[in-house]
Amino acid sequence: YFVPIYPIKWVGLVSSAGIFCVYILIMFFFCAILSFGTDTKPEKIISDKNNDDFYERMGNFFTRNGKKTIPIATLIIAISIFGATKVYVNLNTNKMMGTKLPHTKDQLHISQTEIGFTYSYDVAILFKDKNQALNIETMEKIDELSEFIEAYPFIKNVRGITGSLKEFNRIMNNDIESQYKLPETNAKLRGLVNLYSRMQGSDLSSWLNKDKTGLRITVQVTEFSSADLSKHVAEVENEIEQLFPETQYPGREVLLSGSVIQTAAMNQYVTKGLIVSVGTALAAIALILIIAFRSIKLGLIAMIPNITPVILVGGIMGFAGIELEFVTMTIAPMLLGLAVDDTIHLITHIKTVFTRSGSYKTALSETFRAVGKSVVQTTFILSVTFFIFIFSRVHSMVNMGLLTMVGVITALAADLIITPVLVKWTKPFGKEKTPANIN
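FYI, the numbering for the sequence shown is 3 to 441, going by this note's numbering.
Following this line, the structure appears as structure tokens:
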């Protein structure tokens, strides 16, 4: 919700509302459904003892071998942190959408034709009076600015008043190629502009306003990459400052407009939004865990398996060159929400059994026996759910499905491997009790 991009805000609000609705259904409707049939004789309970023993043995194995597994897990996390520093924030529409959708394939084909382009933006310079706009020096600087912009590899063409005036001047001089140029004097320039305005007024109005104080150029972009365009826009603004300094052109105003400019700014929104959303989620989850377990130590221990999948997925993105954009930025906060479920389930059960038995060994063994199967099953269901996204024809959705699936599995692994060892080592519920002291 803290990302200043409306579709992302909508995802956050709808997801939160959906989860709250599930909570209401479970707390009230589901309980009501279970109340039916209380007057019938219960069926014989069939225990899947062998299956439960498997999860207990697995849990005991991880707990006993903590001195081996924790260093390995720490090394993997450290490598992932390094990889996460390589994550590149960029919205590249070709990479994000791919070419499997018909309209994106057609769009890419059009942009590669000689006359076609997909995106564009405008640069407008408004001067204090027309004497500043309609003079040879200003026109030459507009030409220089156009050449500077067109030198970028993702710029297809730059159109403006100077090109139109050069073409018109050539036509008025018997179509001689050498006359494809601007007039030599300011007087001839203004005369050419007035003549052009009378003969082709509608065309000239695209590049010159009615007061003849503003000049505009249109830039055609072949490929949209928010990171490249953000850098490009900054360099264009700097070039304009060099060509049209405020000291020489007092009162002049520079405007860069178009959807490309706005979308290029999304890079900052994505970066800032990700930091705020993940930071807020971490703080909220940590606070909730501390309150739920009534222990700062236990709350912080419980955060480790929740942060681990986010770090690992970030590392994979960095090493694999998967860019952070509108879709992939939702993975981190989503993983935090998914991972905390199993963590609360496990630690709550460990605390319950420890309170009764006074033994960490017993608490861990019985927890794996009781809830090991359920957390594995929920992880399997979530993994299959996100695996379905690999069949999407949108490339970023495929990345989101695979990365989230990896993150969910990592969260389970962290809960099964890291959490019990940390509980055993830190003893967050206090010292073990002898049988005589257990209530």
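Every residue gets a Cβ at the ideal spot worked out from N, C-alpha and C, and that includes glycine.
None of the values given here were measured: they were computed from a predicted structure.
Does residue i come out as helix, strand or coil in the three-state DSSP assignment?
i, result
"glutamine 250", "coil"
"arginine 296", "coil"
"lysine 429", "coil"
"arginine 192", "helix"
"leucine 348", "helix"
"arginine 161", "strand"
"leucine 424", "helix"
"lysine 362", "The sequence given here places tyrosine at residue 362; lysine does not occur at that position. Tyrosine 362: helix per DSSP, three-state reduction."
"asparagine 441", "Residue placement at asparagine 441 cannot be trusted, given a pLDDT of 44 that sits under 50; the coordinates are not used to answer."
"tyrosine 476", "Past the edges of the chain, shown from 3 to 441, lies residue 476, and the structure says nothing about it."
"tyrosine 271", "helix"
"leucine 210", "strand"
"tyrosine 121", "strand"
"valine 16", "helix"
"arginine 200", "helix"
"aspartate 41", "coil"
"glutamine 394", "Before going on, a small fix: residue 394 reads as serine here, not glutamine. The answer is coil: DSSP assigns serine 394 none of H, G, I, E or B."
"aspartate 417", "helix"
"glutamate 186", "coil"
"proline 6", "coil"
"isoleucine 28", "helix"
"glutamate 434", "coil"
"asparagine 171", "helix"
"leucine 136", "coil"
"glycine 317", "helix"
"glycine 409", "helix"
Kindly give me the distance between the Cβ atoms of residue i and residue j, rounded to whole angstroms, as I take these residues to be in contact under 8 Å.
i, j, result
"aspartate 417", "leucine 348", "6 Å"
"leucine 191", "asparagine 240", "So it is not a contact: roughly 27 Å between Cβ atoms."
"valine 24", "serine 279", "Not confirmed; about 21 Å, so no contact."
"threonine 332", "valine 13", "6 Å"
"serine 122", "glycine 260", "6 Å"
"serine 82", "glycine 275", "Not quite, the Cβ-Cβ distance comes to about 22 Å (not below 8 Å), so this is no contact."
"phenylalanine 295", "alanine 288", "The Cβ separation is near 11 Å, so there is no contact."
"tyrosine 219", "isoleucine 144", "Checking the displayed sequence, the identity of residue 219 turns out to be isoleucine instead of tyrosine. 7 Å between Cβ atoms; contact."
"lysine 168", "tyrosine 154", "Not confirmed; about 22 Å, so no contact."
"glycine 216", "alanine 135", "7 Å"
"leucine 245", "glutamate 146", "6 Å"
"arginine 172", "isoleucine 178", "7 Å"
Can you tell which of the options has its C-alpha closest to the C-alpha of residue i?
i, options, result
"valine 423", "Ser394, Ile306, Gly323", "Ile306"
"glutamate 225", "Asn176, Val378, Asn159", "Asn159"
"tyrosine 198", "Arg358, Ser166, Asn175, Ile219", "Ser166"
"glutamate 248", "Ala80, Lys130, Ile309, Lys70", "Lys130"
"alanine 80", "Gly68, Leu314, Phe156", "Leu314"
"arginine 161", "Ile309, Glu169, Phe170, Ser148", "Ser148"
"isoleucine 292", "Pro430, Lys69, Val125", "Pro430"
"threonine 421", "Lys183, Val125, Leu366", "Leu366"
"lysine 212", "Asn196, Ala285, Val355", "Asn196"
"isoleucine 242", "Ile127, Ile163, Met29, Ile352", "Ile127"
"valine 408", "Gly61, Tyr154, Pro311", "Pro311"
"lysine 299", "Thr428, Ser17, Gly85", "Thr428"
"glycine 432", "Leu184, Thr357, Thr71", "Thr357"
"proline 9", "Thr220, Phe328, Gln379, Phe393", "Phe328"
"methionine 319", "Leu245, Trp209, Gly85", "Gly85"
"isoleucine 151", "Lys70, His351, Asp124, Gly360", "Asp124"
"valine 223", "Thr40, Val272, Thr95, Tyr271", "Thr95"
"isoleucine 309", "Phe63, Ala75, Lys70, Val272", "Ala75"
"valine 221", "Lys426, Val238, Ile178", "Val238"
"phenylalanine 156", "Ser18, Thr380, Leu184, Val235", "Val235"
"isoleucine 7", "Gln244, Met201, Thr273, Lys233", "Thr273"
"serine 232", "Phe246, Trp209, Tyr271", "Tyr271"
"tyrosine 251", "Ser207, Asn133, Val378", "Asn133"
"methionine 141", "Pro73, Lys43, Glu368, Asn188", "Asn188"
"alanine 19", "Tyr3, Phe30, Phe31, Lys353", "Tyr3"
"arginine 66", "Ile392, Thr380, Phe391, Tyr362", "Tyr362"
Pull the bridge partners of residue i from the DSSP assignment, please.
i, result
"glutamate 255", "Leu128"
"arginine 218", "Ala126"
"serine 227", "Asn94"
"leucine 289", "According to DSSP, leucine 289 bridges with nothing at all."
"leucine 326", "Val91"
"tyrosine 57", "Paired residues: none, contrary to the question."
How do the region 267-280 and the region 225-245 stand: do at least 3 beta-carbon pairs fall below 8 Å, yes or no? Taking 8 Å as the limit for Cβ pairs, the verdict is that the region 225-245 does touch the region 267-280.
Three or more C-beta pairs below 8 Å linking the region 319-337 and the region 402-419: With a cut-off of 8 Å on Cβ pairs, the region 319-337 is in contact with the region 402-419, counting three or more such pairs.
Counting pairs of Cβ atoms below 8 Å between the region 387-397 and the region 311-324, do you hit three or more? No contact exists between the region 387-397 and the region 311-324.
Should the region 35-43 be called in touch with the region 344-363, which here means at least 3 C-beta pairs below 8 Å? Result no; under three Cβ-Cβ pairs closer than 8 Å.
Using a Cβ distance threshold of 8 Å, determine whether the region 83-93 contacts the region 402-409, with at least three qualifying pairs required. Between the region 83-93 and the region 402-409 there are fewer than three inter-stretch CB-CB distances shorter than 8 Å, so the stretches are not counted as touching.
Touch test, the region 55-62 against the region 370-383, Cβ-Cβ under 8 Å, three pairs minimum: Contact between the region 55-62 and the region 370-383 is established, with three or more Cβ pairs separated by less than 8 Å.
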